[in-house]
Amino acid sequence: MATPDDLRSRLRSLKPFEARLPLFDPDALPEEPLPAVIEWVQQAIDAGVAVPHAMTLATATEDGVPNARTLLLKDVDERGLWFASVNSGPKGLELEGNPRAALVLYWREQGRQLRVTGTVRVAEREIAERDFLSRHPIARAGAIAGRQSSEMPDDAEQQLADAQRLVAEQPDFVPEDWTAYYVEPETVEFWQATPDRDQMRVRYRRFGVGWRRDRLWP
Ligand SMILES: Cc1cc2nc3c(=O)[nH]c(=O)nc-3n(C[C@H](O)[C@H](O)[C@H](O)COP(=O)(O)O)c2cc1C
Numbered sequence: 002m003a004t005p006d007d008l009r010s011r012l013r014s015l016k017p018f019e020a021r022l023p024l025f026d027p028d029a030l031p032e033e034p035l036p037a038v039i040e041w042v043q044q045a046i047d048a049g050v051a052v053p054h055a056m057t058l059a060t061a062t063e064d065g066v067p068n069a070r071t072l073l074l075k076d077v078d079e080r081g082l083w084f085a086s087v088n089s090g091p092k093g094l095e096l097e098g099n100p101r102a103a104l105v106l107y108w109r110e111q112g113r114q115l116r117v118t119g120t121v122r123v124a125e126r127e128i129a130e131r132d133f134l135s136r137h138p139i140a141r142a143g144a145i146a147g148r149q150s151s152e153m154p155d156d157a158e159q160q161l162a163d164a165q166r167l168v169a170e171q172p173d174f175v176p177e178d179w180t181a182y183y184v185e186p187e188t189v190e191f192w193q194a195t196p197d198r199d200q201m202r203v204r205y206r207r208f209g210v211g212w213r214r215d216r217l218w219p
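Each residue of the sequence shown is one higher than the last, beginning at 2 in the numbering used here.
This is the structure in structure tokens:
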């Protein structure tokens, strides 16, 4: 298949960022990265960034085959960055074999990227239950009906209807495989585009019991 010339030139003419971008002062960053992560997430929400809680989670199998998908950020606290999913699908199985992962959040409107690498930990069951029960009933039924990422059978509609009935009859039902995970960070990188087409990068790395902070070449 030939790439249309038109597509190439259109791609090259696209502008990735807005003209007005937030200020970023690397010298004002805290000793530890998580308070700054919380601040950036809050600023993205306040700035009206589209889907500011969408993030890419990259995993790899034990023998190094990579995979990535979008998930919703559920929380940020002293343990790390949180997401929820089933443990029975590809990402859950990949994480069981190899808990090391990477996260990327991209906030176009602010010219910001946040990168995190670390170890993914499974949280207490109560947290997964609370998360599941806070989801919309249709989303709950979808998660109950069939195994995530498996092929849909011909009677998928029927399975979904059965799951919807289950949710209506047992509103506290939580499937066994629903899991709350958090990424315990080992590195956290803040990337900020500047209006003069430059970029600023600051990376934190765990260093003993604390963190080391460095500017990186863009
Ligand atoms: C914006 C957006 C948010 C999503 N949020 C979640 C989520 O929070 N949890 C989840 O399991 N899948 C979520 N998905 C679906 C995943 O991208 C993915 O299709 C699914 O988790 C199966 O991934 P796997 O086959 O790698 O296990 C989301 C997709 C999009 C586009």
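Cβ atoms here follow ideal geometry from the backbone N, Cα and C, with glycine treated the same way.
DSSP links residue 56 through a beta bridge to 72. In the three-state reduction of the DSSP assignment, residue 149 falls in the coil class, being assigned neither a helical nor a strand state. With respect to the 8 Å criterion, residue 119 and residue 184 are classified as neighbours on the basis of their beta carbons. Sequence-distant partners of residue 218 (beyond 5 residues in either direction) whose C-beta falls short of 8 Å from its own C-beta, in its chain, are 202. The Cβ neighbour count for residue 56, taken over all protein chains shown within 10 Å, is at least 16; the residue is labelled buried. If you check the C-beta of residue 84 against ligand 1, you find a heavy atom less than 7 Å away.
In this structure, the CA atom of residue 163 is about 7 Å from the CA atom of residue 146. Taking non-hydrogen atoms of ligand 1 into account, the C-beta of residue 151 is found less than 7 Å away from none of them. The C-beta of residue 112 has 16 or more other C-beta atoms within 10 Å across all chains shown, which makes the residue buried.
Of the candidates 66, 62 and 124, the residue whose Cα lies closest to the Cα of residue 95 is 62. Here residue 90 carries a coil assignment [DSSP, helix/strand/coil]. In the three-state scheme derived from DSSP, where H, G and I count as helix and E and B as strand, residue 38 is classed as helix. According to DSSP, residue 184 shares a beta bridge with 82 and 121. Your pair residue 193 and residue 25 checks out as a contact, with CB atoms roughly 4 Å apart and the cut at 8 Å.
Rounded to whole angstroms, the separation of the alpha carbons of residue 109 and residue 79 is 26 Å. Beyond the five residues adjoining it in sequence on each side, residue 70 comes within less than 8 Å, by CB distance, of 57, 58 and 92 in the same chain, given in chain order.
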